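The opening position of the sequence shown corresponds to residue 1 in my numbering, with each subsequent residue numbered one higher.
Heads up, the thing below is written out as structure tokens.
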Amino acid sequence: MIGVIVIFFYCIILLFSWAVAYFVLSRKDKYYVLKRNSIIVLVGLFPLYLYIPKAIYHEIKCSETFYFIPVDKVEKPNALFVKGLPPFNREVEVGYLTYEVYGEGFGVEYLITSPERDIDINNLMVNVDHIRINGINDFNENGIRPDEVLSDLRYALLASQDEFLGFVDNQVYIYDLVNKKNISGYSSIYSKNEGPDSIGSLLSFGFEGCSSIPNNRKKYYYDFEIFKDTFN
Numbered sequence: 001m002i003g004v005i006v007i008f009f010y011c012i013i014l015l016f017s018w019a020v021a022y023f024v025l026s027r028k029d030k031y032y033v034l035k036r037n038s039i040i041v042l043v044g045l046f047p048l049y050l051y052i053p054k055a056i057y058h059e060i061k062c063s064e065t066f067y068f069i070p071v072d073k074v075e076k077p078n079a080l081f082v083k084g085l086p087p088f089n090r091e092v093e094v095g096y097l098t099y100e101v102y103g104e105g106f107g108v109e110y111l112i113t114s115p116e117r118d119i120d121i122n123n124l125m126v127n128v129d130h131i132r133i134n135g136i137n138d139f140n141e142n143g144i145r146p147d148e149v150l151s152d153l154r155y156a157l158l159a160s161q162d163e164f165l166g167f168v169d170n171q172v173y174i175y176d177l178v179n180k181k182n183i184s185g186y187s188s189i190y191s192k193n194e195g196p197d198s199i200g201s202l203l204s205f206g207f208e209g210c211s212s213i214p215n216n217r218k219k220y221y222y223d224f225e226i227f228k229d230t231f232n
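Rendered as structure tokens:
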């Protein structure tokens, strides 16, 4: 269906270029045919001006995708700090049930988030009023001891999504907060979903998502999978 829409859209552009040449140029001009054809070609090739940069960017980004995990799995932590991962990267408040679902998905008892940019453990302990543990920040009423939870915290899942030319470049790392290094990670690129009737979707037609995730692993919602591939 999208292919038919693309062809229809391109025919409209060609018709528009012919109309521009017909109404703007004087047919008495001896170079009328040359000018008319030049306008039709220049306007008719307009989609390529957008398509070629997208194709080059897509090819480069697909060649840069990565996937790495430790040779030997690490002992699974009891707590995990999460930053940048949807839906926790939004400014709206995330409910308790969302924390519960993701906590079960990762298989950890405590899922920790904070608006602080510095994810150093000592900084989190100093700004304990800013953190949420399993969606809760009123620890007195729920029996959670944030100092004890943070003292056991060692790993963070850090995610980022950058958009450019209608593509989303997704990168996810599991970061060792103690040794300050990434121990696993993956990246993927895919076209941004702007709706089936949008111009952006038409210009993204034919560009498939790509990643370096092994074929035997789940490609979607891989955030849980990278955690399982990293920890026992």
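Glycine is no exception: its CB is placed at the ideal position from the N, C-alpha and C atoms.
Computed from a predicted structure; not experimentally measured.
Between the CA atoms of residue j and residue i - distance to the nearest angstrom
| i | j | result |
| --- | --- | --- |
| I144 | F68 | 34 angstroms |
| P70 | F167 | 29 angstroms |
| V82 | I119 | 10 angstroms |
| S184 | E59 | 24 angstroms |
| P87 | E163 | 17 angstroms |
| A55 | K192 | 15 angstroms |
| Y22 | R36 | 7 angstroms |
Contact check, residue i vs residue j, beta carbons under 8 angstroms
| i | j | result |
| --- | --- | --- |
| H125 | L150 | Note that residue 125 is Met in the sequence shown here, rather than His. Yes; because the gap between Cβ atoms is below 8 angstroms, this pair is in contact. |
| C62 | I213 | no |
| G105 | F231 | no |
| I13 | P47 | yes |
| S187 | G84 | no |
| E116 | N122 | no |
| S211 | T65 | yes |
Three-way DSSP call (helix, strand, coil) for residue i in this model
| i | result |
| --- | --- |
| R154 | coil |
| N123 | helix |
| T230 | helix |
| I39 | helix |
| D197 | Residue confidence for D197 is low, a pLDDT of 49 falling below 50, so the modelled location carries little weight; the figure read from the coordinates is stated next. Coil at D197, not helix or strand. |
Any C-beta of chain D under 8 angstroms from that of residue i
| i | result |
| --- | --- |
| L177 | Absence of chain D from the displayed structure is noted, only one protein chain being present. |
Residue i beta carbon near the ligand COA (any heavy atom closer than 7 angstroms)
| i | result |
| --- | --- |
| L177 | By its list of ligands, the structure shown contains no ligand whatsoever, and the ligand COA lies outside what it can speak to. |
Contact belief for residue i with residue j at Cβ below 8 angstroms, rounded distance in angstroms
| i | j | result |
| --- | --- | --- |
| I226 | V172 | 6 angstroms |
| V43 | F16 | 7 angstroms |
For the structure I just gave you, are there three or more beta carbon pairs, one from the segment 128-144 and one from the segment 111-120, closer than 8 angstroms?
Touching, yes, given that three or more Cβ pairs across the two stretches are closer than 8 angstroms.
Any contact of the segment 151-160 with the segment 74-91, i.e. 3+ C-beta pairs under 8 angstroms?
A contact is defined here as three or more CB-CB pairs under 8 angstroms, and the segment 151-160 meets this definition with respect to the segment 74-91.
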